[in-house]
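Position in the sequence shown counted from 1, then plus 960, gives you this note's numbering.
Cβ atoms here follow ideal geometry from the backbone N, Cα and C, with glycine treated the same way.
A short worksheet on the structure shown next.
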Amino acid sequence: MVPSIRKAYNENFTQEKYNVFLADLNSKYPDALQFRIAETPVFVDRDFKNKILSACESIVDVITGYNFKTLTSHAIPANVRVPNENEHTHFIAFDFGICENEQGELEPQLIEMQGFPTLFA
961 MVPSIRKAYN ENFTQEKYNV FLADLNSKYP DALQFRIAET PVFVDRDFKN
1011 KILSACESIV DVITGYNFKT LTSHAIPANV RVPNENEHTH FIAFDFGICE
1061 NEQGELEPQL IEMQGFPTLF A
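Structural data, given as structure tokens:
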């Protein structure tokens, strides 16, 4: 998303460097990576990073609100509720799609949010 940085990264990319990167990850965390690791990162500018952080903070403000559990108590059927659930999750992961708004600007749109440690174990 920052074209100059992405161009420089892609021009210097080699399969050999990528394989060394994967080998380094796997040596530190044997058999822990059960998903594909991207060949190229996403480079975002400061403004877009701040949009993402602001979106995350807004969501956290809602889900940590004093009445959130009351407002959402009927969203999860009783037979699938977790017994002895904590007041708030210890982990959270946001998955955003990058969308274009009516003004042609990029903005994050929440796709999903996870509050369990499978991605952090």
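Shortest Cα-Cα distance from residue 980 to any of 1048, 995 and 999 involves 999.
Per the coordinates, the alpha-carbon of residue 966 lies some 16 Å from the alpha-carbon of residue 977. Residue ranges of uninterrupted alpha helix (DSSP H) with 4 or more members, entirely inside the segment 987 to 1063 and ordered along the chain, are 1006 to 1023 and 1028 to 1031.
Residue 1021 and residue 1015 have their C-alpha atoms spaced approximately 10 Å apart. Between residue 1008 and residue 1073, the C-beta gap is not smaller than 8 Å, which leaves the two residues out of contact.
Residue environment for residue 1068: buried (at least 16 other C-beta atoms within 10 angstroms of its C-beta). When only Cα atoms are considered, residue 971 and residue 1042 end up about 49 Å apart.
With contacts defined by Cβ atoms closer than 8 Å, residue 1070 and residue 1054 form a contacting pair. Between the C-alpha atoms of residue 1005 and residue 1061 there is a straight-line separation of about 17 Å.
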